[in-house]
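Colleague: The structure follows.
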Amino acid sequence: MKYLDEFQDPGLARRLLDEIRATVTRPWALMEVCGGQTHTIIRHGIDQLLPDNVELIHGPGCPVCVTPLEVIDKALEIAARPDVIFCSFGDMLRVPGSDRDLFQVRSHGGDVRVVYSPLDALKIAQQNPHRQVVFFGIGFETTAPPNAMTVHQARKLGIPNFSLLVSHVRVPPAIEAIMQSPSCRVQAFLAAGHVCSVMGTREYPELAERFRVPIVVTGFEPLDILEGIRRTVRQLERGEHAVDNAYPRAVRPEGNPAAQAMLADVFEVTDRAWRGIGTIPASGWRLSERYRDYDAEYRFSVEGLTTREPAACRSGEVLQGLIKPHECEAFGTTCTPRTPLGATMVSSEGACAAYYLYRRLGTPPTPQEASPVA
Numbered sequence: 042m043k044y045l046d047e048f049q050d051p052g053l054a055r056r057l058l059d060e061i062r063a064t065v066t067r068p069w070a071l072m073e074v075c076g077g078q079t080h081t082i083i084r085h086g087i088d089q090l091l092p093d094n095v096e097l098i099h100g101p102g103c104p105v106c107v108t109p110l111e112v113i114d115k116a117l118e119i120a121a122r123p124d125v126i127f128c129s130f131g132d133m134l135r136v137p138g139s140d141r142d143l144f145q146v147r148s149h150g151g152d153v154r155v156v157y158s159p160l161d162a163l164k165i166a167q168q169n170p171h172r173q174v175v176f177f178g179i180g181f182e183t184t185a186p187p188n189a190m191t192v193h194q195a196r197k198l199g200i201p202n203f204s205l206l207v208s209h210v211r212v213p214p215a216i217e218a219i220m221q222s223p224s225c226r227v228q229a230f231l232a233a234g235h236v237c238s239v240m241g242t243r244e245y246p247e248l249a250e251r252f253r254v255p256i257v258v259t260g261f262e263p264l265d266i267l268e269g270i271r272r273t274v275r276q277l278e279r280g281e282h283a284v285d286n287a288y289p290r291a292v293r294p295e296g297n298p299a300a301q302a303m304l305a306d307v308f309e310v311t312d313r314a315w316r317g318i319g320t321i322p323a324s325g326w327r328l329s330e331r332y333r334d335y336d337a338e339y340r341f342s343v344e345g346l347t348t349r350e351p352a353a354c355r356s357g358e359v360l361q362g363l364i365k366p367h368e369c370e371a372f373g374t375t376c377t378p379r380t381p382l383g384a385t386m387v388s389s390e391g392a393c394a395a396y397y398l399y400r401r402l403g404t405p406p407t408p409q410e411a412s413p414v415a
């Protein structure tokens, strides 16, 4: 447990918090981009241990949460077809579409299977040559390379009954869209370390310079988050706006060239809709023309769907950082993990799920509850 314990040391956490308190002289608003970082922050109460004038805004960093309703409905339509085996990671099964989810499709006879890798779905396609096998490919730059590699393998091995339903999104265009929003309060970003481990940091300096915001790459353990905040606040107080890698054990400036080459071969950049936010230009990937035969949207021609978002769900405002989850009237009442209205309550990286799981209902912790690392 050495490599986990050393990033959850309470003594080091207190020292970092003391440094942050000693540095801050004015209010600052920071956005963590990744849902995994959000869960660490809420689980350990990091946001409540920071000085009152340092606010953490939860960003749209949950890949399940930002998958647009139209794509969810397309997945449901494809999964319900009798000739299809629909494969997905488990966290997508309860994400609500307009009128059902994948669990309900399965309960009505659809062959919906949970897999742990896109290669599992490819193996199922090899074992079932007379059925169509579809893998639901979602996520940020982190999950895109294995999905690209699986499509590449399907083409190389000549497996014609495999296809990918793609809903991949890219972080830098989302940061740009956030900063261009009239309601934006964000003054700095904690960038997602796993995304940068794939793509490197080369796309961030231009954003930091253009919008004059520090961007600090961080990991996911409590000390990672606190060190990222410390470096960010130090830049803000000095009037600086640079890209800083606080996660060097996993992130190199150039990223992972092999993964990037696979992405460039299989995918091409496209405009992509984000659930609760809208379409962000050049913010996603789709299969390139060379691999178009493996695109489930083209193969099944699912068109003309009418989508319906629940009126009571304010997950779009949560994803944009405009409100905290407990400020939604449906939170914890009509919307719970068992009866979710939106994906932010379903996903293991969703902000609403984090607030519900760790009983963050809007009340501050008692002194006994406020510990740097639980």
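For the sequence shown, counting from 1, position 100 maps to 141 in this note's numbering; every step adds exactly one.
Beta carbons are placed, not taken as given, at the ideal position from N, Cα and C, and that holds for glycine.
1. Taking 8 Å as the cut-off, does the region 348–358 touch the region 371–383 (at least 3 CB pairs, one atom from each stretch)?
2. Helix, strand or coil, according to DSSP, for Ile200 in the structure here?
3. Skipping 5 residues on each side, what residues in its chain have a beta carbon closer than 7 Å to that of Ala32?
4. Given a cut-off of 8 Å, decide if Ala229 and Leu346 are closer than it, judged by their beta-carbon atoms.
5. According to DSSP, is Asp88 part of a helix, a strand, or is it coil?
6. Under 6 Å Cβ to Cβ from Arg84, same chain only, skipping five residues before and after it: list those, please.
7. So Glu390 packs on Gly77, CB below 8 Å; how close in whole Å?
8. How close, in whole Å, do the beta carbons of Leu264 and Asp50 come, if the pair is a contact with beta carbons under 8 Å?
9. Within 10 angstroms of the Cβ of Glu410, are there 16 or more other Cβ atoms? Answer buried if so, exposed if not.
10. In this structure, does DSSP put Pro68 in helix, strand or coil?
11. Leaving out the 5 sequence neighbours to the left and right, which residues in its chain are closer than 7 Å to Ala120 when beta-carbon positions are compared?
12. Exposed or buried, Asn197, counting other C-beta atoms within 10 Å across all chains shown (16 or more means buried)?
13. From the DSSP output, in three-state form, read off Val107 for me.
14. Mapping the DSSP letters down to three states, classify Val136 as helix, strand or coil.
15. Measure the Cβ-Cβ separation of Thr183 and His235 and say whether it is below 8 Å.
16. Quick check on Gly52: buried or exposed, where buried means 16 or more other Cβ atoms within 10 Å of its Cβ?
17. Pick out whichever of Ala195, Tyr335, Asp312 has its Cα sitting closest to the Cα of Pro109.
18. Check Ile318 in the structure and name its three-state DSSP category.
19. Classify Ser129: buried if its beta carbon has 16 or more other beta carbons within 10 angstroms, exposed otherwise.
20. For Cys225, tell me which candidate among Trp69, Gly362, Phe48, Ala337 has the shortest Cα-Cα distance.
21. Quick one: measure Cβ to Cβ for Gly241 and Glu295, integer angstroms, because I've assumed they're closer than 8 Å.
22. Find the nearest neighbour of Arg331 within the set Glu250, Leu248, Ala195, Ala185, judged by alpha-carbon distance.
23. Identify, in the order they occur along the chain, each residue of the same chain with its Cβ nearer than 7 Å to the Cβ of Ala283, setting aside the five sequence neighbours on each side.
24. What is the DSSP secondary structure of Phe130, counted as helix, strand or coil?
25. Between the C-alpha atoms of Leu402 and Tyr396, what's the straight-line distance to the nearest angstrom?
26. If distances are taken between C-alpha atoms only, which option among Ser238, Ile364, Trp69 comes closest to Pro101?
27. Can you name, in chain order, every residue of its own chain whose Cβ lies under 6 Å from the Cβ of Ala218, other than the five neighbours on each side?
28. So, is Ser388 buried or exposed, given that buried needs 16 or more other C-beta atoms within 10 angstroms?
29. List the residues that DSSP assigns as beta-bridge partners of Phe176.
30. Do Val175 and Leu206 have their C-beta atoms within less than 8 Å of each other?
31. Does the distance from the CB of Ile79 to the CB of Glu262 come in under 8 Å?
32. Exposed or buried, what is Ala233 when buried is set at 16 or more other beta-carbons lying within 10 Å of its beta-carbon?
33. By Cβ distance below 8 Å, which residues in the same chain neighbour Glu60 in space, the five residues on each side in sequence not counted?
34. Can you tell me which residues form a DSSP beta bridge with Val274?
35. Let me confirm a value: Ala299 is counted as buried when at least 16 other C-beta atoms fall within 10 Å, else exposed. Which label applies?
36. Sorted by chain position, which residues of the same chain lie with C-beta nearer than 7 Å to Leu117's C-beta, five sequence neighbours on each side aside?
Modeller: On the basis of the data shown:
1. yes
2. Sequence index remark: in the sequence shown, residue 200 carries index 159 (1-based). The answer is coil: DSSP assigns Ile200 none of H, G, I, E or B.
3. Past the boundaries of the shown model lies residue 32; the chain is included only from 42 to 415, so the question cannot be answered.
4. Taking the sequence shown and counting its residues from 1, one reaches residue 346 at position 305. Taking the sequence shown and counting its residues from 1, one reaches residue 229 at position 188. Taking 8 Å as the Cβ cut-off, Leu346 and Ala229 do not qualify as a contacting pair.
5. Position 47 of the sequence shown holds residue 88. Here Asp88 sits in helix by DSSP.
6. On the sequence shown, position 43 is the one that residue 84 refers to. Cβ neighbours of Arg84 beyond the five flanking positions: Tyr399.
7. As a first step, residue 390 must be located in the sequence shown, where it is residue number 349. As a first step, residue 77 must be located in the sequence shown, where it is residue number 36. Indeed, because the Cβ distance is near 6 Å, the residues count as touching under 8 Å.
8. Numbered from its first residue, the sequence shown carries residue 264 at position 223. Numbered from its first residue, the sequence shown carries residue 50 at position 9. The pair is a contact, with the Cβ atoms about 7 Å apart (cut-off 8 Å).
9. As a working mapping, residue 410 is identified with position 369 in the sequence shown. The predicted position of Glu410 is uncertain, since its pLDDT is 45 and thus under 50; no value can be drawn from it.
10. Here residue 68 is taken as the residue at index 27 of the sequence shown, counted from 1. DSSP places Pro68 in coil when its eight states are reduced to three.
11. Your numbering for residue 120 matches position 79 in the sequence shown. Phe127, Leu143, Val146, Gly151, Val153, listed in sequence order.
12. Counting from one through the sequence shown, the residue named residue 197 turns up at place 156. Checking the displayed sequence, the identity of residue 197 turns out to be Lys instead of Asn. Lys197 comes out exposed.
13. For the purposes of this step, residue 107 is identified with residue 66 of the sequence shown, where counting begins at 1. DSSP places Val107 in helix when its eight states are reduced to three.
14. Locating residue 136 in the sequence shown gives position 95, where the first residue counts as 1. Coil, per DSSP.
15. On the sequence shown, position 142 is the one that residue 183 refers to. On the sequence shown, position 194 is the one that residue 235 refers to. Cβ atoms of Thr183 and His235: closer than 8 Å.
16. Counting from one through the sequence shown, the residue named residue 52 turns up at place 11. With fewer than 16 other Cβ atoms within 10 Å, it is exposed.
17. Along the sequence shown, one-based indexing puts residue 109 at 68. Pro109 has its Cα closest to that of Asp312, out of Ala195, Tyr335, Asp312.
18. Numbered from 1 along the sequence shown, position 277 holds the residue referred to as residue 318. In the structure shown, Ile318 sits in coil (DSSP, three-state: anything other than H, G, I, E or B).
19. Numbered from 1 along the sequence shown, position 88 holds the residue referred to as residue 129. The residue is buried, with at least 16 neighbouring Cβ atoms inside 10 Å.
20. By 1-based counting over the sequence shown, the position of residue 225 is 184. Measuring from the Cα of Cys225, the nearest candidate turns out to be Gly362.
21. To locate residue 241, count along the sequence shown from 1; it is residue 200. To locate residue 295, count along the sequence shown from 1; it is residue 254. That pair is a contact at about 5 Å.
22. One-based indexing of the sequence shown puts residue 331 at position 290. Selected option, being the one with the closest Cα: Ala195.
23. The residue labelled residue 283 in the question sits at position 242 within the sequence shown. These residues qualify, in order along the chain: Ala249, Pro255, Gln276.
24. As a first step, residue 130 is located in the sequence shown; it is residue number 89 there, counting from the start. Three-state result, Phe130: coil.
25. Locating residue 402 in the sequence shown gives position 361, where the first residue counts as 1. Locating residue 396 in the sequence shown gives position 355, where the first residue counts as 1. The straight-line gap from Cα to Cα measures roughly 7 Å.
26. Taking the first residue of the sequence shown as position 1, residue 101 is located at position 60. Among Ser238, Ile364, Trp69, the Cα nearest to that of Pro101 is on Ile364.
27. The residue given as residue 218 occupies position 177 in the sequence shown. Result list for Ala218: Ile321, in chain order.
28. Locating residue 388 in the sequence shown gives position 347, where the first residue counts as 1. Counting Cβ neighbours within 10 Å, Ser388 comes out buried, since at least 16 surround it.
29. Reading the sequence shown from its first residue, position 135 is the one you call residue 176. Looking at the DSSP assignment, Phe176 forms a beta bridge with Cys128, Leu205.
30. Counting from 1 along the sequence shown, the entry for residue 175 is found at position 134. Counting from 1 along the sequence shown, the entry for residue 206 is found at position 165. It is a contact, given that the beta carbons lie within the stated cut-off.
31. If you number the sequence shown from 1, residue 79 lands on position 38. If you number the sequence shown from 1, residue 262 lands on position 221. Note that residue 79 is Thr in the sequence shown here, rather than Ile. Contact flag unset, no.
32. Taking the first residue of the sequence shown as 1, we reach residue 233 at position 192. Counting Cβ neighbours within 10 Å, Ala233 comes out buried, since at least 16 surround it.
33. To locate residue 60, count along the sequence shown from 1; it is residue 19. Once the five neighbours on either side are set aside, the close Cβ partners of Glu60 are Arg271.
34. Counting from one through the sequence shown, the residue named residue 274 turns up at place 233. For Val274, which the question treats as bridged, DSSP gives no partner whatsoever.
35. For this step, residue 299 is matched to residue 258 along the sequence shown. The residue is exposed, with fewer than 16 neighbouring Cβ atoms inside 10 Å.
36. Locating residue 117 in the sequence shown gives position 76, where the first residue counts as 1. If we look at Leu117 and ignore the five residues flanking it on each side, its Cβ neighbours are Gly138, Arg141, Leu143, Val146.
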